[in-house]
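In case it helps, the numbering used here puts the sequence shown at residues 715 to 895.
We put the CB at the ideal spot given by N, CA and C, even for glycine.
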Amino acid sequence: MTVDRHIIWSNYDLDYEDWRDDLEAEYPDLTEGERIALMYEINGDYLDDERMNLDVQLSQPILVIADLGLWHGRRMGYKEIASGRISDCLYSDTDYSTWYVDRLGDLRCDAIHHDGTNHYLYRTYKPGVRQSQIEKLKEKLYFGTATRADITRITRRLGDDIAKVYGFSILRQRQEQAAER
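(1) Using only the alpha-carbon positions, how far apart do V843 and G881 sit?
(2) Would you tell me roughly how many angstroms separate the C-alpha atoms of A877 and I884, rounded to the nearest one?
(3) For G858, report the span of its alpha helix (DSSP H) as first-last.
(4) Starting from Y839 and walking both ways along the beta strand (DSSP E), at which residues does that stretch end?
(5) So is Y836 buried or exposed if we call it buried at 16+ other beta carbons inside 10 Å?
(6) Quick one, which of L777, H833 and I826 has its alpha-carbon nearest Y792's?
(7) Please list, in chain order, all residues of the same chain as E794 whose beta carbon is under 8 Å from its beta carbon, the five residues on each side excluded.
(8) Please specify which runs of the beta strand (DSSP E), each continuous and at least 3 residues long, are wholly inside the stretch 718 to 803, giving them in chain order.
(9) May I ask you to report which of helix, strand or coil DSSP gives T808?
(10) Exposed or buried, which one is H786 when buried takes at least 16 other CB atoms within 10 Å?
(11) Under the three-state reduction of DSSP, which class applies to A893: helix, strand or coil?
(12) Is the stretch 797 to 809 in contact with the stretch 763 to 770, if contact means three or more CB pairs nearer than 8 Å?
(13) Hey, is the stretch 807 to 824 in contact with the stretch 719 to 735, meaning 3+ C-beta pairs nearer than 8 Å?
(14) Hey, how far is the Cα of V879 from the Cα of D732?
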């Protein structure tokens, strides 16, 4: 069986039926509406727990590559998380967010808002990458011409660091497999 994604945290599609028995047992005096609100609050607290779990410091900044769903169409963009701390990826100002590690070992987020859905890919720069290479990639991202090969040439996935925290396995990258031969 292949796992397509390892979900870190989500507030999308919470199902009260999954929470009902525990919340009714723990909070019998609350109305159903109050328990539903509490479900969202508790789930929000779980995001803080995940930030603590992923307080992993990297040696380089994190590059966030964005495919933005805006009212006037889709646009590409990027930003850097200068801290280089994986936990700093787990912030969003959208209505619903789901952070996960995909089958390729990339940390991603699908963030739903009133105009559409933003898709974020989080990567960090490989050691020894020159500033000129970083600027060239940013230029390609800005103009929407960057390919997966452009991105993977100078960045690495975050899934390996995350998998160590949670104890799941992900496919090894081709370079690692070739090096072992």
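The relevant details are as follows:
(1) Start at 1 with the first residue of the sequence shown, and residue 843 comes out as number 129. Start at 1 with the first residue of the sequence shown, and residue 881 comes out as number 167. About 29 Å.
(2) As a first step, residue 877 must be located in the sequence shown, where it is residue number 163. As a first step, residue 884 must be located in the sequence shown, where it is residue number 170. Each residue's alpha carbon lies about 7 Å from the other.
(3) Walking along the sequence shown from the start, residue 858 turns up at place 144. Premise fails: G858 is in no alpha helix (DSSP H) and is neither H nor E.
(4) Locating residue 839 in the sequence shown gives position 125, counting from the first residue. From DSSP, the beta strand (DSSP E) with Y839 extends over G830 to Y839.
(5) By one-based count along the sequence shown, residue 836 stands at place 122. Buried: at least 16 other Cβ atoms inside 10 Å.
(6) Within the sequence shown, residue 792 is the residue found at index 78, counting from 1. Closest by alpha carbon: L777.
(7) One-based indexing of the sequence shown puts residue 794 at position 80. So the qualifying residues of the chain are P775, I776, L777 and V778.
(8) 719 to 724, 776 to 784 and 787 to 795
(9) Start at 1 with the first residue of the sequence shown, and residue 808 comes out as number 94. Coil at T808, not helix or strand.
(10) What you label residue 786 is simply residue 72 of the sequence shown in a count that begins at 1. With fewer than 16 Cβ atoms within 10 Å of its Cβ, H786 is classed as exposed.
(11) The sequence position of residue 893 within the sequence shown is 179, counting from 1. Note that A893 has pLDDT 46, beneath the 50 cutoff, so the model's placement of it is unreliable and the number below is only indicative. Three-state result, A893: helix.
(12) yes
(13) yes
(14) Residue mapping note: residue 879 aligns to position 165 of the sequence shown, counting from 1. Residue mapping note: residue 732 aligns to position 18 of the sequence shown, counting from 1. So the alpha carbons of these two residues sit roughly 26 Å apart.
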